[in-house]
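Taking it in order: structure first as structure tokens, then the write-up.
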């Protein structure tokens, strides 16, 4: 009887660990992050194809259950990799952006997930998973909590494409909306910046780690 | 080269028109100034990119000239200078007072803190240094021509091609010259009518002989005068202008006929001091090129002839000479004219600001006053930084072994104008074939496959 009493909690513990095993997905080329803003002359856009980092999922993306799911995500974007997509003096735009984002002291935009909640079970196996996410975003040396809906789509080759978008205020990250002199004169930029991303990850070869 | 055009200033007739002014118009007797507008802010120009450490290998007259140019570029941090001859290092020190010195280029290649090297050794010594530099992961600026043999040039180009993490720029400095990037679309737009021909020259009166108390040193430093080590005037000097003609024509020659002789400096040299070469291009267009050390008349310039007009490029300036029966383009009504004997040239000045356009001195307000090598080195430093940064970002985020994805990523990096390994290779092969034609006094058909790396 004594042996049984010891064995039961052990079995329960191992079952919990099994459920919480984390599968790692590494960043792969093919991603895109876009920052869209406004100005007194025209809208501006900068874009990078580099989103580094990784995610660890404690659930099966093929058969998830709604509610809070175990997940760890860290992602980063080098600020200097953000390139202006506008035609008007893109180099100058990038200089202004890098100065505004304090690249010298904060060369990366970093994100860390703190909570991921699956809104509902997908209706079909190919439907993208719909999540609400919370996390910490560090930009220009300031870290803020942000929330945004994200979708996760399974692709061939054990790949996941995670998409999301949110609107941020430059001032909330300690950045003053720049008013650069470009071409015809001074232009002013709006405080709001829409950040959208498509992040490609692939199951790492050593796939599982125990959840902490 | 596909990336290099992105930064070329664009120009159209409206731009030219905007640059004119009533003051200029009234000041001239029918003379009309032709200008493009500044494509950027009128704020003082910032350095192109962050400071970058470079090593300079080869400190002969040209290497020292480049070193002096680097001294005017705030983004250049000349960390080490190198030459096998101690006196050359000493002579160069004033242009790089904070640089370390070495007689062995390998010490630069072993230094992980130096990401880029500029190679200005004698042409026949390029290959070993360039291959070792690429192997060491250094960004390379290699003077043109790349080599004195097609095989060596090919080895250099293939090594550069196989190493996408390394930025390679061949020293065809005219490809970085903003004046030419202004003129290229203008000439190609049809403004001069159908092509007729091209003519270029490089004339100086100087022996190129260098003296030294040491007999071995005399032989070494006079490598340009010995046919065993020299690719000849047409390759050493002509490579730039011949490449420029092909660039503007968007074509490569199908044959070259050469002539050469020693006309002034019969001092034991085994290469001609005066050469002519005629290059045939598809469609019956020919480039006539001559180069001499025996007479300096009209120094160096290039003429592009169309049936409606001719364009002359001289230094950082250019003029358009219209035929009387050519159609009115429109903008030339407002452009300034300069007299050349019996001819009237319409000044073609790129990138001038509106304020500058109100001046009346075509010499003073030419916008690009730096030398082509200044722009070439400025762009080298900027591009080396951009590629270096892009590679670093990629490796930090993804699997560095994914070469295909890395190449795709690097293809998206915005580059300043430059000539890459392919342009350097093609220009070198053409120039070497021209030298061969000159030395043999015959016509050589240039096979298409010679100009590819496949």
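Protein chains in written order, with the working numbering: chain S, 53 to 264; chain Y, 479 to 932.
Backbone N, C-alpha and C define an ideal beta-carbon position, used for all residues, glycine too.
With DSSP collapsed to three states, give me the class of residue i.
i, result
"residue 547 (chain Y)", "helix"
"residue 102 (chain S)", "coil"
"residue 624 (chain Y)", "coil"
"residue 504 (chain Y)", "Interpretation of residue 504 (chain Y) is limited by its pLDDT of 28, a score under 50 that renders its predicted location unreliable; the figure taken from the coordinates is listed afterwards. Residue 504 (chain Y): helix per DSSP, three-state reduction."
"residue 900 (chain Y)", "helix"
"residue 92 (chain S)", "coil"
"residue 499 (chain Y)", "Residue placement at residue 499 (chain Y) is flagged as unreliable, the pLDDT there being 34, under the threshold of 50; a coordinate-derived value is accordingly withheld."
"residue 756 (chain Y)", "strand"
"residue 749 (chain Y)", "coil"
"residue 643 (chain Y)", "coil"
"residue 849 (chain Y)", "coil"
"residue 876 (chain Y)", "coil"
"residue 73 (chain S)", "coil"
"residue 78 (chain S)", "strand"
"residue 704 (chain Y)", "coil"
"residue 866 (chain Y)", "helix"
"residue 742 (chain Y)", "coil"
"residue 763 (chain Y)", "strand"
"residue 891 (chain Y)", "coil"
"residue 438 (chain Y)", "Outside the shown range of chain Y (479 to 932) lies residue 438 (chain Y), about which nothing can therefore be said."
"residue 914 (chain Y)", "helix"
"residue 710 (chain Y)", "helix"
"residue 254 (chain S)", "strand"
"residue 536 (chain Y)", "coil"
"residue 729 (chain Y)", "coil"
"residue 924 (chain Y)", "coil"
"residue 906 (chain Y)", "helix"
With a threshold of 16 other CB atoms inside 10 Å of the CB of residue i, please say whether the residue is buried or exposed.
i, result
"residue 901 (chain Y)", "buried"
"residue 186 (chain S)", "exposed"
"residue 478 (chain Y)", "Nothing about residue 478 (chain Y) can be read from this structure; chain Y reaches only from 479 to 932."
"residue 659 (chain Y)", "buried"
"residue 723 (chain Y)", "buried"
"residue 697 (chain Y)", "exposed"
"residue 923 (chain Y)", "exposed"
"residue 860 (chain Y)", "buried"
"residue 761 (chain Y)", "exposed"
"residue 693 (chain Y)", "exposed"
"residue 240 (chain S)", "exposed"
"residue 195 (chain S)", "exposed"
"residue 176 (chain S)", "exposed"
"residue 209 (chain S)", "exposed"
"residue 222 (chain S)", "buried"
"residue 817 (chain Y)", "exposed"
"residue 780 (chain Y)", "buried"
"residue 238 (chain S)", "exposed"
"residue 738 (chain Y)", "buried"
"residue 657 (chain Y)", "buried"
"residue 931 (chain Y)", "exposed"
"residue 268 (chain S)", "In the structure as shown, chain S starts at 53 and stops at 264, and residue 268 (chain S) therefore has no counterpart that could be examined."
"residue 689 (chain Y)", "exposed"
"residue 174 (chain S)", "buried"
Assuming residue i contacts residue j under a Cβ cut-off of 8 Å, what Cβ separation, rounded to an integer in Å, is found between them?
i, j, result
"residue 912 (chain Y)", "residue 755 (chain Y)", "5 Å"
"residue 673 (chain Y)", "residue 609 (chain Y)", "In fact, because the Cβ distance is near 39 Å, the residues do not count as touching under 8 Å."
"residue 862 (chain Y)", "residue 617 (chain Y)", "4 Å"
"residue 736 (chain Y)", "residue 549 (chain Y)", "Between residue 549 (chain Y) and residue 736 (chain Y) the Cβ distance is about 38 Å, and since that is not below 8 Å, they are no contact."
"residue 120 (chain S)", "residue 108 (chain S)", "Not confirmed; about 15 Å, so no contact."
"residue 253 (chain S)", "residue 214 (chain S)", "7 Å"
"residue 80 (chain S)", "residue 876 (chain Y)", "6 Å"
Jot down the residue ranges of each uninterrupted beta strand (DSSP E) in the segment 175 to 251 of chain S, minimum 3 residues, whole runs only, in chain order.
181 to 191, 194 to 207 and 211 to 221
Which ranges would you report for the alpha helix (DSSP H) in the segment 542 to 622 of chain Y if only whole runs of at least 4 residues count?
564 to 570, 583 to 587 and 604 to 613
Using 8 Å as the cut-off, can you tell me whether the segment 536 to 546 of chain Y makes contact with the segment 596 to 613 of chain Y, which would need three or more C-beta pairs spanning the two stretches below that distance?
yes
With a threshold of 8 Å, are at least 3 pairs of Cβ atoms found where one atom belongs to the segment 74 to 89 of chain S and the other to the segment 243 to 260 of chain S?
yes
Does the segment 642 to 649 of chain Y come close enough to the segment 884 to 904 of chain Y that 3 or more CB-CB pairs lie under 8 Å?
yes
Go through the segment 788 to 833 of chain Y residue by residue and report every complete run of the beta strand (DSSP E) that reaches 3 residues or more, in order.
795 to 800, 815 to 818 and 821 to 830
Do three or more CB pairs link the segment 704 to 721 of chain Y to the segment 811 to 822 of chain Y at distances below 8 Å?
no
Please confirm if the segment 740 to 752 of chain Y is in contact with the segment 675 to 691 of chain Y, defined as three or more CB-CB distances below 8 Å between the two stretches.
yes
Is the segment 555 to 562 of chain Y close to the segment 527 to 540 of chain Y, with three or more CB pairs under 8 Å?
yes
Between the segment 191 to 211 of chain S and the segment 155 to 168 of chain S, do three or more beta carbon pairs fall short of 8 Å?
yes
With a cut-off of 8 Å, do at least 3 Cβ pairs link the segment 757 to 771 of chain Y to the segment 662 to 669 of chain Y?
no
Return the chain-ordered ranges of every alpha helix (DSSP H) run that is complete within the segment 110 to 160 of chain S and spans a minimum of 4 residues.
142 to 152
Inside the segment 637 to 698 of chain Y only - alpha helix (DSSP H) runs reaching at least 4 residues
656 to 664
Counting pairs of beta carbons, one from the segment 90 to 98 of chain S and one from the segment 137 to 148 of chain S, are three or more of them closer than 8 Å?
yes
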